[in-house]
Amino acid sequence: MINKRGFFLPYTFFLLITVLNMVIFVVLCNLNTNNYYNEKNNYYHTFILEERAKRHIEEKITLNQVNHNESELLYYDEDFIYLTYQYDSTYQLWKISMRIKYKNIDEYGTIYYYLETKKIILEIR
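Shown next as structure tokens:
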């Protein structure tokens, strides 16, 4: 026989655990979206630094101020861009190794600058 007084106890625990899981899920989702937008802001800032690096490279190459195997360090507040220029005479292009450091993001990439077409291609690793 079923005890009538203890019959609702498992259902009460199940309901309580379900409500508690819902509350925890809502709180974690809210925290996750806040972290997502903070990280998104950081990655947006690295995108801005990539564009600054491309503009700097284009200006430097068009003014003919760059040498083979030259290194350059650009500072912007607490972040920096490190560039190493290498010239490839077979393809008539500059291959620039790039490192961007911003807060906890450390990004490496290569920028190709074609002299004939003046086209810039960015490759992120």
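Going letter by letter, the sequence shown gives residues 2 to 126 in the numbering used here.
The beta-carbon is built from N, C-alpha and C at its ideal position, and this holds for glycine as well.
Thinking C-alpha only, which one of the options is nearest residue i?
| i | options | result |
| --- | --- | --- |
| I106 | N42, H57, N70 | N42 |
| I97 | T91, Y103, Y109 | Y109 |
| Y115 | I125, T19, T91, M23 | T91 |
| T47 | K119, M99, E117, Y113 | M99 |
| H69 | Q93, F81, R56 | Q93 |
Determine the DSSP secondary structure at residue i, reduced to helix, strand or coil.
| i | result |
| --- | --- |
| K120 | strand |
| M2 | Because M2 sits at a pLDDT of 45, beneath the cut-off of 50, its placement in the model cannot be relied upon, and the following sentence gives the value as read from the coordinates. Looking at M2 - three-state DSSP - the assignment turns out to be coil, as it is neither helix nor strand. |
May I ask which residues mark the beginning and end of the alpha helix (DSSP H) holding residue i?
| i | result |
| --- | --- |
| T91 | Run containing T91: none; DSSP gives neither H nor E here. |
Within the continuous beta strand (DSSP E) that includes residue i, where are the two ends?
| i | result |
| --- | --- |
| L1 | Residue 1 falls outside the range modelled here, since the chain spans only 2 to 126, and no answer is possible. |
Can you round the beta-carbon distance between residue i and residue j to whole angstroms, since I take them to be within the 8 Å contact cut?
| i | j | result |
| --- | --- | --- |
| E71 | Y86 | 5 Å |
* To do: Could you tell me which uninterrupted beta strand (DSSP E) segments, each at least 3 residues in length, are contained entirely in the stretch 30-87, listed from first to last along the chain?
  => 72-77
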